[in-house]
Amino acid sequence: MRSFSHWTPAYLCHRLADRYYRARNPEAPWLTPRAITYLEKALKSDFCGLEYGSGRSTTWFAQRVKSLVSVEHNPDWFNLVKADIVQKGISNIEYHQFAKPDVAQNFQEILESEYVQITGMIAENSLDFALVDGVARSACMLHSIPLLKPGGLLILDDANHYLPCDSQAPNTRSRIDGPLDKEWEQVLQMISNWQAVWFGNGIKETAIFTKPDA
Numbered sequence: 008m009r010s011f012s013h014w015t016p017a018y019l020c021h022r023l024a025d026r027y028y029r030a031r032n033p034e035a036p037w038l039t040p041r042a043i044t045y046l047e048k049a050l051k052s053d054f055c056g057l058e059y060g061s062g063r064s065t066t067w068f069a070q071r072v073k074s075l076v077s078v079e080h081n082p083d084w085f086n087l088v089k090a091d092i093v094q095k096g097i098s099n100i101e102y103h104q105f106a107k108p109d110v111a112q113n114f115q116e117i118l119e120s121e122y123v124q125i126t127g128m129i130a131e132n133s134l135d136f137a138l139v140d141g142v143a144r145s146a147c148m149l150h151s152i153p154l155l156k157p158g159g160l161l162i163l164d165d166a167n168h169y170l171p172c173d174s175q176a177p178n179t180r181s182r183i184d185g186p187l188d189k190e191w192e193q194v195l196q197m198i199s200n201w202q203a204v205w206f207g208n209g210i211k212e213t214a215i216f217t218k219p220d221a
């Protein structure tokens with residue numbers, strides 16, 4: 008049975024504030040507003056990026072950077088986003104649809120799936136940012152790390168569901184809880200020396216990690 012224990016007066020206020028923000032900013036990605044503000048300042052016109060999980064973010068990022076590779080698992084959603092890309096006349100997106108990795112596979116097989124690997128088309132140390140907001144997130148995080156340049160941004164939406172933090176948002180993993188599973192423990196170890204900034208809105212957290220210089 009679904010729990011509504013998190014529906015406190017404070018949470019309801021956060022939900023209303025978020026609904027107001029989305030109505031005022033219909034083209035904005037489904038990241039937290041403060042993360043969007045941060046990215047608006049951080050992104051540069053010569054950046055090359057990757058996103059796992061498409062949507063509003065796809066055209067939003069593409070309109071601010073040089074190029075974007077976007078990966079989607081849902082064919083119906085892929086067609087909707089593709090139509091939006093065409094309607095807006097955006098030509099700097101390489102958009103791909105790959106099947107969702109089978110959860111029955113072992114983690115190594117998920118890491119090697121087309122969805123995560125993107126057919127190996129991206130070279131190491133070539134990306135300025137990567138957004139992980141789709142399926143198989145721990146595998147996508149691990150695959151993105153070597154693809155990023157030093158100083159590159161690794162963006163994880165709903166980060167409080169996977170990595171421990173001090174957020175008051177629902178379904179947050181506390182410091183005592185630790186990472187969600189051993190794969191997320193591996194992610195946390197890999198980025199333990201990265202600069203991290205967390206942006207919450209009382210509903211969820213978007214975390215942005217900066218890859219250190221070699």
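Each number in the numbering used here corresponds to the 1-based position in the sequence shown with 7 added. Think of the CB as a built atom: it goes at the ideal place given N, C-alpha and C, for glycine as much as any other residue.
Should residue i and residue j be called a contact, given that it needs their Cβ atoms to be closer than 8 Å?
{"i": "Asn-113", "j": "Leu-75", "result": "no"}
{"i": "Ala-146", "j": "Leu-187", "result": "no"}
{"i": "Ala-221", "j": "Ala-203", "result": "no"}
{"i": "Ala-30", "j": "Ile-43", "result": "no"}
{"i": "Lys-218", "j": "Leu-155", "result": "yes"}
{"i": "Asn-167", "j": "Arg-182", "result": "no"}
Give me the Cβ distance between residue i and residue j, rounded to the nearest whole Å; I'm assuming they're in contact under 8 Å.
{"i": "Leu-228", "j": "Ser-151", "result": "Because the chain here runs from 8 to 221, residue 228 falls outside it and cannot be looked at."}
{"i": "Phe-68", "j": "Glu-58", "result": "7 Å"}
{"i": "Phe-85", "j": "Gln-104", "result": "4 Å"}
{"i": "Asp-165", "j": "Lys-211", "result": "5 Å"}
Going by C-alpha distance, which of the options is nearest residue i?
{"i": "Val-110", "options": "Ala-143, Val-194, Pro-171 and Thr-217", "result": "Ala-143"}
{"i": "Pro-270", "options": "Glu-192, Pro-153 and Ala-24", "result": "Examination of residue 270 is not possible in this model, given that the chain is present from 8 through 221 alone."}
{"i": "Asn-200", "options": "Pro-157, Arg-26 and Pro-82", "result": "Pro-157"}
{"i": "Asn-81", "options": "Arg-71, Glu-101 and Pro-108", "result": "Pro-108"}
{"i": "Phe-216", "options": "Ile-125, Met-148 and Gly-209", "result": "Met-148"}
{"i": "Val-194", "options": "Pro-153, Ile-183, Ala-24 and Ser-181", "result": "Pro-153"}
{"i": "Trp-205", "options": "Arg-182, Asn-32, Arg-41 and Tyr-28", "result": "Arg-41"}
Keeping to the same chain, check which residues put their C-beta closer than 7 Å to that of residue i; ignore five residues upstream and five downstream.
{"i": "Gly-207", "result": "Thr-39, Ser-174 and Ala-176"}
{"i": "Asp-91", "result": "Thr-66"}
{"i": "Arg-63", "result": "Glu-34, Ala-35, Pro-36 and Trp-37"}
{"i": "Asp-25", "result": "Asn-208 and Ile-210"}
{"i": "Gln-196", "result": "none"}
{"i": "Ile-125", "result": "Val-76, Val-78 and His-103"}
Might you give, ordered along the chain, the residues of its own chain that have their beta carbon closer than 6 Å to the beta carbon of residue i, omitting 5 neighbours on each side?
{"i": "Met-8", "result": "Bear in mind that the predicted position of Met-8 carries a pLDDT of just 47, short of 50, making it too unreliable to give a figure here."}
{"i": "Gly-60", "result": "Asp-140 and Gly-141"}
{"i": "Arg-71", "result": "Leu-50"}
{"i": "Glu-101", "result": "Val-76"}
{"i": "Ile-198", "result": "Phe-216"}
{"i": "Ile-97", "result": "Thr-66 and Ala-69"}
For chain B, is any of its Cβ atoms less than 8 Å away from the one on residue i?
{"i": "Ser-174", "result": "Among the chains in the structure shown there is no chain B, since it carries only a single protein chain."}
So, for residue i: in the same chain, excluding its five sequence neighbours on each side, which residues have a beta-carbon less than 8 Å away from its beta-carbon?
{"i": "Glu-121", "result": "Phe-105 and Ala-106"}
{"i": "Ser-52", "result": "Arg-71, Val-72 and Lys-73"}
Quiz item: With contact counted as at least three CB pairs below 8 Å, one residue from each stretch, are the segment 126 to 138 and the segment 168 to 177 in contact?
Solution: Counting Cβ pairs under 8 Å, fewer than three are found: no touch.
Quiz item: Would you say the segment 15 to 23 touches the segment 182 to 197, given that touching needs at least three Cβ pairs under 8 Å?
Solution: In short, these stretches do not touch, since the Cβ pair count stays below three.
Quiz item: Touching or not, the segment 116 to 133 and the segment 27 to 47, by the rule of three or more beta carbon pairs under 8 Å?
Solution: The way I'd put it, the segment 116 to 133 doesn't touch the segment 27 to 47; fewer than three beta-carbon pairs between them come closer than 8 Å.
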